[in-house]
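Structure record follows, encoded as C-alpha cells.
There are 2 protein chains.
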Amino acid sequence: MPSTLLTNANVATLMGESGYGLMNESAILIESDTIKWVGSMSEARRFVDAEIIDCRGGLITPGLIDCHTHLVYGGDRADEFEQRLEGLSYSEIAERGGGIRSSVAATRQASQAELLQQAKPRLQQLLDEGVTTIEIKSGYGLDCENEIKMLRVASSLGDIHDLRVCKTFLGAHALPLEFANAADEYIDLVCSTMLPQAAAEGLVDAVDVFIETIAFDTMQARKIFDCASALGLPLKAHVEQLSNIGGTQLACEYNALSVDHIEYLRDDEVPELAETDTVAVLLPGAYYVLRETQLPPLESLRKHRVPIAIASDANPGSSPLHSILLTMNMACTLFGLTPAEALRGTTLNAAKALGLDDQIGSLEPGKQADLVIWDVHKPSMLVYQIGLNPCVAVMRAGRWRKPPVVGEA
Amino acid sequence: MPSTLLTNANVATLMGESGYGLMNESAILIESDTIKWVGSMSEARRFVDAEIIDCRGGLITPGLIDCHTHLVYGGDRADEFEQRLEGLSYSEIAERGGGIRSSVAATRQASQAELLQQAKPRLQQLLDEGVTTIEIKSGYGLDCENEIKMLRVASSLGDIHDLRVCKTFLGAHALPLEFANAADEYIDLVCSTMLPQAAAEGLVDAVDVFIETIAFDTMQARKIFDCASALGLPLKAHVEQLSNIGGTQLACEYNALSVDHIEYLRDDEVPELAETDTVAVLLPGAYYVLRETQLPPLESLRKHRVPIAIASDANPGSSPLHSILLTMNMACTLFGLTPAEALRGTTLNAAKALGLDDQIGSLEPGKQADLVIWDVHKPSMLVYQIGLNPCVAVMRAGRWRKPPVVGEA
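The listed protein sequences correspond, in order, to chains S and C.
Using this note's numbering, the first residue of the first sequence is number 1, and each one after it goes up by one.
Using this note's numbering, the first residue of the second sequence is number 410, and each one after it goes up by one.
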C-alpha cells in the first residue's frame, strides 16, 4: 500500500495527560487514511518505500476541530452591531426587529442554496486555518422545515469542502415568535415532530439545548434530553452563560458530551462535572463580544481534571468570530488558558466534546490522518501571534486538502 | 491620458466632518495616480473613454492606514507569552532575559536581510487587508548602528511591497542595558548622534518618544523634541499608557502629530489637546493583550472633537497583532468606538496622525488613488465580522497592487 512519510517535523502529538505531547525532529507515517507510526527521524529511516515530504523543521499538529459553531444562518447583524455602538439599547434594537429574531426571519426566508452560499466565506477562513472537523448547529429555523433545511446545508458544506461536519440539532435555541408565551407547546413540537423527523433523515449527530433565563428552563430541557436519549442521540447544552439555573447539573445527570459557555458555573459544581465524561467547552468569542466580566471557573476545572475544549461559537450575534487561531489566543488572553491547553482545546478535547476522540484529535497510530503543517517551530507561536495564519498544508483522512508546496513546507 | 472608472460601488469617501461620507451607487474616476472625480452613476456616463471596472455593488474605501506599528524586530516573544500564562511573574520572566530586552538583543543580532525576512509575513496580512500606508518605528536597536538598520529595513519593505512606509525614529523607546542608571547620558547620545545620523540618511519621517514611568520622563522627552524640532522633524509620543506623567501636555506644547495610547489621559486634559492639531491614536491591541481596564477618555475626545485614529501597534510584546480589520473590531468592542469612527481611524485620521491628510485618507478629487474594493455592501460589515477578510482588490497610487478578478469584484 502506498504510504507517505512526513519528515523533519516538530510534532505536537497531543498524546499524554497534558501538554503538547511534543516530539521534536520526528516523522509521521501515513497509510491510506490512517496514521501508522510516529517516531524519531533515526527510526524513520526504515520506511524506505514511503513517499517523503520534508517538513524542514515546521510544526505538525492534528487537524484543528471547531466543536461549537452556528455557522449556517441567513443575513447578518452588522446594523445591530452598529446601532448598539451608536447608543441604542437592546430593547430599542429589539423593537426595530433586531436580535436573534432577525436571524430567524432571514434564515427562514433564505433558500438552501442561499444559506450555503452565505456560509461559504465564513467557513473558508476556518478551512484556511487548518480546521478539518467542525460542528454546526441548527437553531435559526425553529420549525420543522427550516431546522431540517439548516442541517442539510451543514451536511452539504462537508461534502463540498472535504471536512467532517458534525450536525447538532438545536431546535430549542430560542422561542419562535409564533409560540410566544407557549414555550411548553413549542418543546412538545420539538420532541414530537422536529427532532424525530430531523433524526430520521440522518441529519442529527447530537442534540443541544439553550438552558438560560432568556431561553429554556431545566424542566423543558429535560423533555428534550429524554426524547434525544430515546432516539439514541448524544447530548450537549448551552449552560451558565448569563446566569446559573442548574443547566450543568442537568447535563451531568444525562452524561452529556459537553457543557458549553459555563462562565457562571460555580466552583462547588465542578466536582460533579468531573465525575462524568462531559467536556467543558469555553467560548471566549462570546465573552469578548458581550464584554462579559464573569470568568469560567478555570482553576476548579484544572484541579478536578475536567477536559477543556474551546470553540469559535461562530454566530451572527454574540460571536461573529471565524478564526480558530484567534479563538485560541482569546482563550489564553481572556480566560488565562496556557497555549498547550488552548491547543488541546481545539484538538483532543474538542474531539471528546464531539464523541470522536477514538478517531481524531491526536497524532497517534490508528487515528485518522487529519493534520496540519505550520510554518512555525513551536506550538506556542500559533497562539501568541494575532491575525497571522502560518498554515502551510492540510491533510484530511490521508489526502492533501491543501498540499505542501515543494521547497516551501 | 488613460483613465479608469470604477462603477456600481458603494463609496465610503470619508469626506465630511463625521461618518463614512457614504455615496451609494456611485463611481470613481482615476487618472494616473490621482482621484479625478467621485459621483453618481448617472453622471459617470459622460466618461466615455475610461476603462470601466464594474464593482457590482461592492464597497470602496480609501486604502487603509496603520499609523502606529513596531513591525520590524528580531525574534519573537512566544516563550514569554507562554511562561506568563503558566504562572511566571513579570520579574521572573525578566530574570530569564524576557521582556523588551530580549527583542533588543535579537534585533541587534539579526542582519538587515534577516530582519526583512522576519517582517515579511507580519506585513503580508496587513497588505492582504488593504493597507496601503504603514508607519514603522525603530526602537529595538537602541544604538546608532541598529536603529539605522531597523529604519533601512522599514524603508526596504516599502520598496518591495508597493506601499508607503512612514519611518519613525524611536531611539527613546527603552533604556539599553549598557546605559543602566544613565538615562540622561543615553538621551544625550540620541540627540547628539543617533537621531542626527538617521535623519541625515533620510530615514526619519517623524520622531517618537515613550514617555512613561518605565521609560523616559518629560524632561528627557523635551530634549528629544527640541533636537527633532531643530532638525525640522515632526513629533509623536507614546503617552499615558500605564500612568499619567504629563506626556500629553508636553506633546501638545510641541504640537505633535499624535499622542498614542492615552488610556490614562484625564478628561480635564482633553480641552488642551483639542486646541492643537494633535491626533489621539488609540491602540486597542495593547489594551487587549495587557488585560488593561482603564479606558481612554472617549466621550471627552468626542465632545472636544479631537480626531481619533486607531492602529495595530504590531509589536512582539504587548501587541503581536497583525490585522487592521481586527484592530477596528477591537476599537469598537473594547473602547466603544462606532464602526464609522473605526474606519475614520484607519483612513483620514490615521493620515492626519502621519501628517499626510493632504495626500491620502479619503476618496476625493486631488488625493492619491489609494483604495480598496471589498466584497461587502456596507462599511459596518468590515468591522462587525471577526477574522474574515473580504478584500477583493487594492489600488495604490493609481496602480492595482491586487487587481480585481473580472467577474468577481
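The C-beta atom is built at its ideal place from N, Cα and C for all residues, glycine as well.
Note that the coordinates shown come from a computational prediction; the quantities given were computed from them, not determined experimentally.
Q: Compare the C-beta of C:Ala-806 with all C-beta atoms of chain D and state if any pair is closer than 8 Å.
A: Chain labels in this structure do not include chain D; the protein chains are S and C.
Q) Of all the residues that make up the stretch 85-97 of chain S, which are near chain C by a beta-carbon distance shorter than 7 Å? A) Leu-85 and Glu-86
Q.
Give the list of continuous beta strand (DSSP E) stretches no shorter than 3 residues that lie fully inside the stretch 470-501 of chain C.
A. 473-475
Q. Fully enclosed by the stretch 710-775 of chain C, which alpha helix (DSSP H) runs are 4 residues long or longer?
A. 733-744, 748-754 and 757-762
Q) Touching or not, the stretch 168-179 of chain S and the stretch 424-437 of chain C, by the rule of three or more beta carbon pairs under 8 Å? A) no
Q: Identify every residue that forms a DSSP beta bridge with S:Phe-210.
A: Here residue 210 of chain S refers to the residue found at position 210 when the first sequence is read from its first residue. S:Phe-210 pairs with S:His-238.
Q. Applying the criterion that 16 or more other CB atoms from any shown protein chain within 10 Å of the CB defines a buried residue, is C:Met-450 buried or exposed?
A. Reading the second sequence from its first residue, position 41 is the one you call residue 450 of chain C. Flag for C:Met-450 reads exposed.
Q: Anything in the stretch 198-221 of chain S with a Cβ closer than 8 Å to a Cβ of chain C? List those residues in chain order, please.
A: none
Q: Pick helix, strand or coil for C:Glu-556, following the three-state DSSP scheme.
A: Counted from its first residue, the second sequence places residue 556 of chain C at position 147. Reduced to three states, the DSSP call for C:Glu-556 is helix.
Q | DSSP state of C:Ile-671 mapped onto helix, strand, coil | A | Numbered from 1 along the second sequence, position 262 holds the residue referred to as residue 671 of chain C. Reduced to three states, the DSSP call for C:Ile-671 is coil.
**Q.** Any chain C beta carbon closer than 8 Å to S:Glu-289
**A.** Here residue 289 of chain S corresponds to residue number 289 of the first sequence, with the count starting at 1. First, the residue type needs correcting, since residue 289 of chain S is Val and not Glu in the sequence shown. Taking Cβ atoms only, chain C reaches closer than 8 Å to S:Val-289, which makes this a yes.
Q: Give every residue of the same chain whose Cβ lies closer than 7 Å to the Cβ of C:Thr-413, excluding the five residues on either side of it in the sequence, and list them in chain order.
A: In the second sequence, the residue the question calls residue 413 of chain C occupies position 4. Hits under 7 Å: Ile-439, Ala-459, Glu-460 and Ile-462.
Q) Can you give the beta carbon distance from C:Ser-427 to S:Asp-79, rounded, assuming they're within the 8 Å contact cut? A) By one-based count along the second sequence, residue 427 of chain C stands at place 18. By one-based count along the first sequence, residue 79 of chain S stands at place 79. About 18 Å separates the two Cβ atoms, so there is no contact after all.
Q.
At the level of alpha carbons, what is the spacing between S:Arg-108 and C:Thr-747?
A. Here residue 108 of chain S corresponds to residue number 108 of the first sequence, with the count starting at 1. Here residue 747 of chain C corresponds to residue number 338 of the second sequence, with the count starting at 1. If I take the Cα positions, the gap works out to 30 Å.
**Q.** Alpha-carbon spacing of S:His-68 relative to S:Lys-137, whole angstroms
**A.** Position 68 of the first sequence, counted from the start, is the residue given in the question as residue 68 of chain S. Position 137 of the first sequence, counted from the start, is the residue given in the question as residue 137 of chain S. If I take the Cα positions, the gap works out to 8 Å.
Q) In the structure shown, what three-state DSSP assignment does S:Ser-155 receive? A) Along the first sequence, one-based indexing puts residue 155 of chain S at 155. In this structure, S:Ser-155 counts as helix in the three-state DSSP scheme.
(Q) Count Cβ pairs between the stretch 349-362 of chain S and the stretch 302-318 of chain S that sit closer than 8 Å; are there 3 or more? (A) yes
Q) Where DSSP assigns a beta bridge to S:Ser-281, which residues make up the other side? A) Within the first sequence, the letter at position 281 stands for residue 281 of chain S. First, the amino acid is wrong: residue 281 of chain S is Val here, not Ser. DSSP, once it has assigned bridges, lists S:Asp-260 and S:Ala-309 as partnering S:Val-281.
Q) Do three or more CB pairs link the stretch 683-701 of chain C to the stretch 732-745 of chain C at distances below 8 Å? A) yes
Q: Determine, using beta carbons only, whether C:Ala-592 and C:Gln-629 come nearer to each other than 8 Å.
A: As a position in the second sequence, residue 592 of chain C is number 183, starting the count at 1. As a position in the second sequence, residue 629 of chain C is number 220, starting the count at 1. Yes, Cβ-Cβ distance for C:Ala-592 and C:Gln-629 is below 8 Å.
Q | Run of the alpha helix (DSSP H) containing S:Ser-413, from where it starts to where it stops | A | In this structure chain S extends from 1 to 409, so residue 413 of chain S is not present and cannot be described.
Q: Anything in chain C within Cβ reach of S:Cys-332, meaning under 7 Å, just list it in chain order.
A: Residue 332 of chain S sits at position 332 when you count from the first residue of the first sequence. Leu-494, listed in chain order.
Q. What's the C-alpha gap between S:Thr-276 and S:Gly-139?
A. By 1-based counting over the first sequence, the position of residue 276 of chain S is 276. By 1-based counting over the first sequence, the position of residue 139 of chain S is 139. When rounded, the distance between both Cα atoms is 26 Å.
Q) Helix, strand or coil: which one does DSSP assign to S:Ser-32? A) For this step, residue 32 of chain S is matched to residue 32 along the first sequence. S:Ser-32 falls in the coil class under three-state DSSP.
Q) Alpha carbon to alpha carbon, how far is C:Gly-764 from S:Tyr-264? A) Residue mapping note: residue 764 of chain C aligns to position 355 of the second sequence, counting from 1. Residue mapping note: residue 264 of chain S aligns to position 264 of the first sequence, counting from 1. Taking the straight line from one Cα to the other gives about 48 Å.
(Q) Using CA atoms only, rank isn't needed, just tell me which of C:Leu-699, C:Thr-702, C:Glu-701 and C:Arg-675 is closest to C:Ala-689. (A) The residue given as residue 689 of chain C occupies position 280 in the second sequence. Minimum Cα distance to C:Ala-689 is reached at C:Arg-675.
**Q.** Beta-carbon gap between S:Leu-71 and S:Arg-152 smaller than 8 Å
**A.** Locating residue 71 of chain S in the first sequence gives position 71, counting from the first residue. Locating residue 152 of chain S in the first sequence gives position 152, counting from the first residue. Contact: no.
Q: Would you check if the distance between the CB atom of S:Leu-290 and the CB atom of S:Ser-318 is smaller than 8 Å?
A: If you number the first sequence from 1, residue 290 of chain S lands on position 290. If you number the first sequence from 1, residue 318 of chain S lands on position 318. The answer is yes: Cβ separation under 8 Å.
Q) Does the pairing of the stretch 767-783 of chain C with the stretch 798-814 of chain C give three or more beta-carbon distances under 8 Å? A) yes
Q: With 8 Å as the threshold, decide whether the Cβ of S:Met-381 is near any Cβ in chain C.
A: For the purposes of this step, residue 381 of chain S is taken as the residue at position 381 of the first sequence. True, the Cβ-Cβ gap to chain C drops below 8 Å.
Q) Is it true that the CB of S:Ala-215 sits closer than 8 Å to the CB of S:Ile-148? A) Your numbering for residue 148 of chain S matches position 148 in the first sequence. Your numbering for residue 215 of chain S matches position 215 in the first sequence. Going by C-beta atoms, S:Ile-148 is not nearer than 8 Å to S:Ala-215.
Q) Counting contacts by CB-CB distance shorter than 8 Å, is C:Glu-426 in contact with chain S? A) Your numbering for residue 426 of chain C matches position 17 in the second sequence. So no, C:Glu-426 is outside the interface.
**Q.** Separation of C:Ala-528 from C:Leu-535, as counted between CA atoms
**A.** Locating residue 535 of chain C in the second sequence gives position 126, where the first residue counts as 1. Locating residue 528 of chain C in the second sequence gives position 119, where the first residue counts as 1. In a straight line, the C-alpha of C:Leu-535 is about 11 Å away from that of C:Ala-528.
Q) Does the separation of the CB atoms of S:Ile-324 and C:Leu-730 fall below 8 Å? A) Position 324 of the first sequence, counted from the first residue, corresponds to residue 324 of chain S. Position 321 of the second sequence, counted from the first residue, corresponds to residue 730 of chain C. Against a cut-off of 8 Å, the Cβ pair of C:Leu-730 and S:Ile-324 comes out as no contact.
Q | the stretch 246-262 of chain S in contact with the stretch 200-219 of chain S per 3-pair CB rule at 8 Å | A | yes
Q) Closest Cβ-Cβ distance between S:Lys-378 and chain C: below 8 Å? A) Translated into positions along the first sequence, residue 378 of chain S becomes position 378. Interface residue, yes.
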